[in-house]
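Chemist:
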Amino acid sequence: MFRTNAFESKRYISPTIFKYVLVEMAFSFLICFLFFFFVFFVNQILLMALEVLARRVPFEQVALLILYSLPTVIAMSAPFASLVGTLMTVGRLTSDNEILVMLSSGLSYKAVFFPAIAVGVVVSLLSFFTNDILLPAGTIQFNRLWRRILVSIPALELQPNSVKRFQDTVIVTGDVTGNTIHNILILDRTDDGERRIIMASSAELRDGGVFGLSLELENAFINSSKEIVREDFDYATAEHLQYWVSNEDIIHQMMNITPREMSARDVHTQIQIRRAELADRINDRKIRSLNFAVSLENIFRAGPESDEWNRRSAAVSAFNRELLAIESIRDDRNLTSHVIEIYRKFSVPLGAFCFVFLAVSLGLMAKKSGQAVGFIFGVLIAVVYWSMLFIGQTMGLRVGTPPFWSMWLPNILSLAIGIILALFRIRK
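In structure tokens:
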């Protein structure tokens, strides 16, 4: 039986073979990129565009929204296109016995791995550039344009069966029929610091122009309470009530720049700032807890004869509250989201490189219909990878999973499985 050791062969890689395999992989990558681009484009962009067009937004503004969203689609499509394209190419070369011919000619598996690695490196670099430069710039421009659209058509922000936050106002909507919202709930805070709960069986949505958004409430119930003394509250009912959401409140939620809109350097700077602020807050709490601890020690040293003895329970409770506050401060989700994002900015683009080893190894095992099998397996692996990435991000924010493992575990698994399968194939 024919045997060869791919990495012990002393023969140099043929430039002709290298160029041939490289062109095949680049062509397959382009086809797969267009496929994933179309899928993500339709799923995320066109649905949004149809919704905006239904609100009679000018077509040129819709086109600009789509243009500013393209970096997001490109950043998601490139790594998966690298995976599926490599699988299709290597699968076809294997099923057509071209890999066997290369090995019989004295070449090694380097003739396949090196072009694939070259494609993976180029795709990773381009994907990182898109993810770190074009995507933040596109997102910022998208939000600026979206704010201008909201000022002219604020009704875009209210959707059926949704929860929307406008600065100090939260609006929970039920079903929507035309411009009528059924079963609406409003939670807000007045200028005097009172908390209000407003419920209504229905509300008619009206565009107030420069003033914002008007809600004409029917059969409304209003409950207001003081911020400090919750027992002090008032309530009232009204058959008709007009509620306003100003344009300032509508666009306020989009003014803050999120980590996704920043470059990796900016996110890193924000992480350092937030960690320093977090350390200062924890130190302040530690000082306060230390003061309570000293006060408790003095109380117990003075004994039951002192006037402070009867206050020991309150002092213990205050000390425990400070300890709980320290633990709560350490669980800073805002900081965690920044850390997750900076790992994401590197892990997703480098996924194209990690996919190379997995794709080549699986492609070498193809028997028949290499391209079709490679495409199917590639799509399945892409779905699993994206699911793991989404689950990791969710667990990192809600469960406290280390951000590194949340974002890098899919890449590490792809690389490890690919290397193991490659070694197994070479030895076989």
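Our numbering runs 507 ahead of the 1-based position in the sequence shown.
Ideal placement from N, C-alpha and C gives every residue a C-beta, glycine not left out.
(1) Answer with buried or exposed for Ser913, where buried requires no fewer than 16 other C-beta atoms within 10 angstroms of its C-beta.
(2) Let me know if Asp631 comes out buried or exposed under the rule of 16 or more other beta-carbons within 10 Å of its beta-carbon.
(3) Work out the CA separation of Pro909 and Ser602 for me, nearest whole Å.
(4) With a CB to CB cut of under 6 Å and the five nearest residues on each side skipped, what residues in its chain are close to Ser669?
(5) In chain order, what residues of the same chain lie with their CB nearer than 6 Å to the CB of Val774, ignoring the 5 residues before and after it?
(6) Considering only their Cβ atoms, is the gap separating Pro578 from Asp650 smaller than 9 Å?
(7) Check Asn730 in the structure and name its three-state DSSP category.
(8) Are there 16 or more other CB atoms within 10 angstroms of the CB of Leu607, so buried, or fewer, so exposed?
(9) Tell me whether Asn918 sits in a helix, a strand or coil according to DSSP, three-state version.
(10) Given a threshold of 16 other Cβ atoms within 10 Å of its Cβ, counted over all protein chains shown, does Asn918 qualify as buried or as exposed?
(11) Could you pull out every residue in the same chain whose Cβ sits closer than 6 Å to the Cβ of Ala821, ignoring the five residues on either side in sequence?
(12) Once DSSP output is grouped into helix, strand and coil, what is the label at Ala809?
(13) Leaving out five residues on either side along the sequence, give the residues of the same chain with a beta carbon under 6 Å from the beta carbon of Cys539.
(14) Quick one: grab the DSSP three-state call for Asn668.
(15) When DSSP builds the beta bridges, which residues end up paired with Phe673?
(16) Would you mind sorting Glu515 into buried or exposed? The rule is 16 or more other CB atoms within 10 Å of its CB.
(17) Rounded to whole angstroms, what is the Cα-Cα separation between Leu920 and Asn690?
(18) Is any beta-carbon of chain B found at less than 9 Å from that of Glu701?
(19) With burial defined as no fewer than 16 other Cβ atoms inside 10 Å of the residue's Cβ, what is the status of Thr676: buried or exposed?
(20) Do Ser770 and Trp751 have their CB atoms nearer than 9 Å?
(21) Closer than 8 Å by C-beta to Ser825: which residues in its own chain qualify, once you throw out the five before and the five after it? Chain order, please.
(22) If we ignore side chains and look at the alpha-carbon of each, how far apart do Phe525 and Thr596 end up?
(23) Go to Ile849, then tell me how far its alpha helix (DSSP H) extends in each direction, as first and last residue.
(24) Can you find the residues in the same chain that come closer than 7 Å, C-beta to C-beta, to Lys874, ignoring five residues on each side of it along the sequence?
(25) What does Ala923 pair with, by DSSP beta-bridge criteria?
(26) Closest to Pro622 by CA distance: which of Phe534, Ala783, Ile883, Leu797 is it?
(27) Could you round the C-beta distance between Gln749 and Ile656 to whole angstroms and report it? I think they count as a contact, below 8 Å.
(28) Since Pro586 and Phe862 should fall inside the 8 Å C-beta cutoff, what is the C-beta to C-beta distance between them, to a whole number of angstroms?
(29) Mind checking who Ile883 pairs with in its DSSP beta bridge?
(30) The alpha helix (DSSP H) that contains Arg819, what's its start and end?
(31) Let me know the secondary structure DSSP gives Asp741 once reduced to three states.
(32) Buried or exposed for Ile927, going by 16 or more other Cβ atoms inside 10 Å?
(33) What is the DSSP secondary structure of Ser589, counted as helix, strand or coil?
(34) Looking only at C-alpha atoms, which of Ser576, Glu723, Phe635 sits nearest to Lys852?
(35) For Arg934, which three-state DSSP category applies?
(36) Taking DSSP's pairing of strands, which residues face Tyr750 in a bridge?
Modeler: In this structure, then:
(1) buried
(2) Looking at the sequence shown, residue 631 is not Asp but Ser. By the neighbour-count rule (16 or more Cβ atoms within 10 Å), Ser631 is buried.
(3) 42 Å
(4) Thr680
(5) Pro766, His845, Glu848, Ile849
(6) A small correction: the amino acid at residue 650 is Asn; Asp does not occupy that position in the sequence shown. Their beta carbons are not under 9 Å apart, which means Asn650 does not touch Pro578 by this criterion.
(7) strand
(8) exposed
(9) helix
(10) buried
(11) none
(12) helix
(13) Ala588, Val591, Gly592
(14) coil
(15) Thr676
(16) Annotation note: pLDDT 43 at Glu515 (below 50); position unreliable, coordinate value reported separately. Answer is exposed; the Cβ neighbour count stays below 16.
(17) 48 Å
(18) Any reference to chain B falls outside this structure, which holds one protein chain only.
(19) buried
(20) no
(21) Correcting the residue identity first, residue 825 is Ala in this sequence and not Ser. Excluding positions up to five away in sequence, the list reads Phe799.
(22) 13 Å
(23) 840-870
(24) Ser602
(25) Per DSSP, none; premise fails for Ala923.
(26) Phe534
(27) That belief does not hold up - the Cβ atoms of Gln749 and Ile656 are roughly 24 Å apart, past 8 Å.
(28) 7 Å
(29) According to DSSP, Ile883 bridges with nothing at all.
(30) 819-837
(31) strand
(32) exposed
(33) helix
(34) Phe635
(35) helix
(36) Leu722
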